[in-house]
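Numbering (this note's numbering), first residue to last: 8 to 829.
Backbone N, C-alpha and C define an ideal beta-carbon position, used for all residues, glycine too.
Since this is a predicted model, take the numbers as computed values, not measurements.
The structure appears right after this line, and notes come after that.
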Amino acid sequence: MAGTQKPEVLRLPTPPSVTVNIAIKGNSKSKYVVDWALEKFIPEGMFLFKLIFVRPMITAVPTPVGSLRLSDVREDLVTAYRKEIEWQTDRKLLPYKKMCIQREVNAVIVQIESDDVVKAISDEVEESSVNKLVIGASSRGMFSRRRNVSSEIAESIPKFCTVYAVAKGKLSALRPSVSETHGTIKEDSSETSSSTNDSSIQNTSSHPEWTESTMVASYAHFRFPSLPLQRFHALSNVNQTLLHKKTNSTETIDPGIDGDDVVSSCPGNSDIGHPSGALSSCPNLETDTHSWISHQASISDGLPEFSPESHMNVDFELEKLRIELRHIRGMYAMAQSEAIDASRKYLTLSITLASHLIIAVKLYYDVTDLQKRLMEDGVKLEQINVKEVEAKELAIQERVKYEAAKREAEYVKECAEREAAEKNEAENKALQEAKEKEKLENVLVGPLQQYQKFKWEDIVSATSSFSDNLKIGWGAYGTVYKCSLHHTTAAVKVLHSKEAHKNKQFQQELEVLSTIRHPHLLILLGACPDHGCLVYEYMENGSLEDRLFRKNNTPPIPWFQRYRIAWEIASALVFLHSTSPQPIIHRDLKPANILLDHNFVSKIGDVGLSKMLDSDSCSAILSTMCNETGPVGTLCYIDPEYQRTGLISTKSDVYAFGMVILQLVTGKSARALTHVVETAVDEGDFADVLDPEAGNWPYEETKELALLGLQCAELRRKDRPSLSDQVLPALERLKEFADRARHVEISAPQAPPNHFICPILQDVMEDPCVAADGYTYDRKAIEIWLESNDNSPMTNLPLPNKILIPNYTLLSAIMGWKSGKQ
Numbered sequence: 008m009a010g011t012q013k014p015e016v017l018r019l020p021t022p023p024s025v026t027v028n029i030a031i032k033g034n035s036k037s038k039y040v041v042d043w044a045l046e047k048f049i050p051e052g053m054f055l056f057k058l059i060f061v062r063p064m065i066t067a068v069p070t071p072v073g074s075l076r077l078s079d080v081r082e083d084l085v086t087a088y089r090k091e092i093e094w095q096t097d098r099k100l101l102p103y104k105k106m107c108i109q110r111e112v113n114a115v116i117v118q119i120e121s122d123d124v125v126k127a128i129s130d131e132v133e134e135s136s137v138n139k140l141v142i143g144a145s146s147r148g149m150f151s152r153r154r155n156v157s158s159e160i161a162e163s164i165p166k167f168c169t170v171y172a173v174a175k176g177k178l179s180a181l182r183p184s185v186s187e188t189h190g191t192i193k194e195d196s197s198e199t200s201s202s203t204n205d206s207s208i209q210n211t212s213s214h215p216e217w218t219e220s221t222m223v224a225s226y227a228h229f230r231f232p233s234l235p236l237q238r239f240h241a242l243s244n245v246n247q248t249l250l251h252k253k254t255n256s257t258e259t260i261d262p263g264i265d266g267d268d269v270v271s272s273c274p275g276n277s278d279i280g281h282p283s284g285a286l287s288s289c290p291n292l293e294t295d296t297h298s299w300i301s302h303q304a305s306i307s308d309g310l311p312e313f314s315p316e317s318h319m320n321v322d323f324e325l326e327k328l329r330i331e332l333r334h335i336r337g338m339y340a341m342a343q344s345e346a347i348d349a350s351r352k353y354l355t356l357s358i359t360l361a362s363h364l365i366i367a368v369k370l371y372y373d374v375t376d377l378q379k380r381l382m383e384d385g386v387k388l389e390q391i392n393v394k395e396v397e398a399k400e401l402a403i404q405e406r407v408k409y410e411a412a413k414r415e416a417e418y419v420k421e422c423a424e425r426e427a428a429e430k431n432e433a434e435n436k437a438l439q440e441a442k443e444k445e446k447l448e449n450v451l452v453g454p455l456q457q458y459q460k461f462k463w464e465d466i467v468s469a470t471s472s473f474s475d476n477l478k479i480g481w482g483a484y485g486t487v488y489k490c491s492l493h494h495t496t497a498a499v500k501v502l503h504s505k506e507a508h509k510n511k512q513f514q515q516e517l518e519v520l521s522t523i524r525h526p527h528l529l530i531l532l533g534a535c536p537d538h539g540c541l542v543y544e545y546m547e548n549g550s551l552e553d554r555l556f557r558k559n560n561t562p563p564i565p566w567f568q569r570y571r572i573a574w575e576i577a578s579a580l581v582f583l584h585s586t587s588p589q590p591i592i593h594r595d596l597k598p599a600n601i602l603l604d605h606n607f608v609s610k611i612g613d614v615g616l617s618k619m620l621d622s623d624s625c626s627a628i629l630s631t632m633c634n635e636t637g638p639v640g641t642l643c644y645i646d647p648e649y650q651r652t653g654l655i656s657t658k659s660d661v662y663a664f665g666m667v668i669l670q671l672v673t674g675k676s677a678r679a680l681t682h683v684v685e686t687a688v689d690e691g692d693f694a695d696v697l698d699p700e701a702g703n704w705p706y707e708e709t710k711e712l713a714l715l716g717l718q719c720a721e722l723r724r725k726d727r728p729s730l731s732d733q734v735l736p737a738l739e740r741l742k743e744f745a746d747r748a749r750h751v752e753i754s755a756p757q758a759p760p761n762h763f764i765c766p767i768l769q770d771v772m773e774d775p776c777v778a779a780d781g782y783t784y785d786r787k788a789i790e791i792w793l794e795s796n797d798n799s800p801m802t803n804l805p806l807p808n809k810i811l812i813p814n815y816t817l818l819s820a821i822m823g824w825k826s827g828k829q
């Protein structure tokens, strides 16, 4: 009997392991999409996930100078850039792959290069025959006015693929595949359709976030048929089928029809995705049966009459009720089976939890034991560390003692070696001084043979008969001419031979310069004793007086060179004062007698008034003094005590040297100069008296130099410092400071000389050429000028011709300047 048949329990087939494709954007929202997919599909047996990422097309390669098109870049560079982009993308998607690995599922990253995200995903789904695709949905919803990429993807995806739209970790919309849609709305009671529907029910019920409102919104969005409409179509199909059987044959309806043949017509078995499962559609069996019968009656009443015979309608209604009752019983049996399965699963889960608890307790005791052992090992390790520290401290102390003993032994050894070296040096110095003294005595006693004798005719010829054009200096004792003797540029000093007292000065200077040599004393090349002529080396930059007072528009001397000149003069004076056996006093030291060569190296000249002190003629107390009948020299440079007492000494040169220092600093005349500088220092106006032509003076060092000059220019001889012990060391320190400053100034970029500048370009010339007007221009600039002009760029006068002559001399100078600048 149909009423006594026991309904069969529907068993859902295990879904096959398929691939789930997840389209991710790479932002924070993509984590929710991946997490939802893992929670959704891992229980269903899905074991392979594909993470699809669409990146923009590569059309250019970035470079430090800008982006370049792919056609402008080598193929290997484009390949390397693509690999770099792929590596960066893999690194960006690595967190999502790790999420899959943590859930023990396989994950594959698929990168697609395209500017159209929708088309790229659609093509990938179609090519790979993807049947499940999970995408992210906008938080604004599927019906936002703005462009919704999720909707576009869902519409463009082939119909054989089911699309899941996820927003904030929850399912936002669902677009089922064609197979799922047809299996829901058509009359098909096959096992495949039932399993698909039941699977959909299970999947929907297994996720609490798939609420009824969410699923209804999803089906509304994808234009899915409503539940009443499906139910009406199903019942209409059943009625038409049964009616067709009645009208075509005289047989009655077989009461033994199985309800499972029409189980697909039950609304609770359709793949709508109701969260409460099969039982939720029939919460009360008796009430739902009566209500459904009344509903079917109302629907049947609305159907058109297919036969005038009323008993056929009654049989049709009864058969319809039997089928519905059979279906409800089957659903009830299915609910019982599901309850039994749930109880079994709960029991299995309880047993699993109990075993896990036992394992956790065992692990707890193992960890406790391990911690105890670790603590014991930590105590032992701490004790070992303490002993190690103590051993290190002891080793350090022993090392310190060893180093101290070693240093003491080395110090004793160095002292012994130093004493031996000093003893040897003293012995060698004494021996050398004895030899020099003996040599000088022999030279001074014998005839003077330390200079070259020139013929008077050669001197007259070299000076063009003492032409005024070659005159470079004159004074009270003679005139100086520039000449060339024996292919050597020299300076000839001709004394006034008619004055008898000048002959003494000539012999004095000849005697001094022919017997001694010093780097900062003027070199005597030769002489013509018969006519009172002295031949010196030629000093290109003239005297210090000419450069300080800017005579003949000569360029000024920088301050760092003035520091060096002061030290050079002091070293020459110390040499003169320490000559043996007779100290030499210059007695006429002044800027006019200090000459400068082409490198601004200073040398003292005009030693005609110098005095060789004889120790035998002087008193024992004043061993460096001698009585003179009358003072000689230049006013403002003469020692005041020498003027008053007539006693000459080395301190007389110290006074003159002090005046020279003050003139180097101020660039002023020596008249009342000590008073001016001293007043400026006392009143704090020292910067006002400095020579501005020398550049930016270092204030503290220059003030120290000026105070040293004031000490040397003291009125009393005993107040003046020692030239060798006090003045020279201080000047040497200042000279080293000046040398460092000069190196810094030289390393700084310097402006090119004016004659290197083209008058047209106002820049350094590359190819200097002389035009017909006599001026030098850059070749390119003057050629452009001559193309449209016939006048000179400088004089605006007509040019006689347009011939250009290369200026190789100037070109060589420019190249040398550029190489020195580099």
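Check, Outcome
"Tell me whether the beta-carbon of Leu-671 lies closer than 9 Å to the beta-carbon of Ile-572.", "yes"
"Count the other C-beta atoms from every protein chain shown that fall within 10 angstroms of the C-beta of Met-666, then say buried if there are 16 or more, exposed otherwise.", "buried"
"Would you call the CB atoms of Val-501 and Phe-461 closer than 9 Å?", "no"
"Give me the DSSP bridge partner(s) of Ser-74.", "Pro-69"
"Decide if Glu-516 is buried, meaning its Cβ has at least 16 other Cβ atoms within 10 Å, or exposed.", "buried"
"Residues in its own chain within less than 6 Å of Tyr-88 by CB, not counting five upstream and five downstream?", "Val-68"
"In or out: Val-132 buried (at least 16 other Cβ within 10 Å) or exposed?", "buried"
"Have a look at Glu-397, Leu-360, Ser-659, Leu-354 and flag the residue whose alpha-carbon is nearest the alpha-carbon of Lys-725.", "Ser-659"
"Counting only beta-carbon atoms, is Leu-75 nearer than 9 Å to chain D?", "Given the protein chain composition of this structure (a single chain), no chain D is represented."
"What's the gap between the Cα of Leu-541 and the Cα of Met-801?", "48 Å"
"Contact between the region 775-782 and the region 604-614 is defined here as three or more beta-carbon pairs at a separation below 8 Å; is this criterion met?", "no"
"Just the Cα atoms here: how many angstroms apart are Val-771 and Tyr-782?", "15 Å"
"Mapping DSSP to helix, strand and coil, what is Cys-765?", "coil"
"Less than 9 Å separating the beta-carbons of Arg-81 and Glu-120?", "no"
"Here's a check: name, in chain order, each residue in its chain whose Cβ is nearer than 8 Å to the Cβ of Ile-92, leaving out the five neighbours to either side.", "Arg-62, Ile-65"
"Take Ser-731 and list the residues in its own chain whose beta-carbon comes closer than 6 Å to its own, dropping the five residues that flank it on each side.", "Val-581"
"Taking three-plus beta-carbon pairs below 8 Å as touching, is the region 648-659 in contact with the region 674-683?", "no"
"If contacts are defined as beta-carbon pairs under 8 Å, then Leu-741 and Ala-713 qualify, I think. What distance do you get, rounded to the angstrom?", "Not confirmed; about 11 Å, so no contact."
"Identify the residues that DSSP records as bridge partners of Ile-784: which are they?", "In the sequence as displayed, the identity of residue 784 is Tyr instead of Ile. Tyr-784 is bridged to Cys-776."
"By the 10 Å Cβ neighbour count, where 16 or more other Cβ atoms means buried, how is Glu-648 classified, buried or exposed?", "buried"
"Under the DSSP definition of a beta bridge, which residues are partnered with Phe-56?", "Val-27, Ala-114"
"Would Ile-592 and Leu-583 be called neighbours here (beta carbons separated by less than 9 Å)?", "yes"
"Is the beta carbon of Asn-28 sitting closer than 9 Å to the one on Leu-140?", "yes"
"Among the candidates Gln-568, Trp-704, Leu-717, whose CA atom is the shortest distance from the CA of His-682?", "Leu-717"
"Is it buried or exposed, Leu-520, if we count other Cβ atoms within 10 angstroms and call 16 or more buried?", "buried"
"Ordered along the chain, which non-local residues of its own chain (more than five positions away) have a Cβ less than 6 Å from that of Asp-646?", "Ser-659, Tyr-662"
"Strictly by DSSP, which residues pair up with Glu-120?", "Arg-62"
"Judging by CA-CA distance, which residue of Asn-814, Ser-819, Leu-793 is the nearest neighbour of Pro-807?", "Leu-793"
"Assign Gly-143 to one of three DSSP states: helix, strand, or coil.", "strand"
"Quick check: what's the CA-CA separation for Lys-478 versus Ala-758?", "34 Å"
"Distance, Cα to Cα, Thr-40 vs Ala-180?", "Here residue 40 is Val; the residue named in the question, Thr, does not match the sequence. Taking the straight line joining both Cα atoms gives about 13 Å."
"Please classify Leu-629 as buried or exposed, where buried requires at least 16 other C-beta atoms within 10 Å of its C-beta.", "A caution first: Leu-629 carries a pLDDT of 39, below 50, which makes its placement in the model unreliable, though a value can still be read off. Classification of Leu-629: exposed, given that the 10 Å Cβ count is below 16."
"Based on the DSSP output, what are the partners of Gly-485 in its beta bridges?", "Leu-502"
"In terms of alpha-carbon separation, which member of Glu-397, Ala-497, Asp-613 lies closest to Tyr-484?", "Asp-613"
"How about Leu-55 and Ala-114: do their beta carbons lie closer than 9 Å?", "yes"
"Quick check: what's the CA-CA separation for Ile-767 versus Asp-780?", "14 Å"
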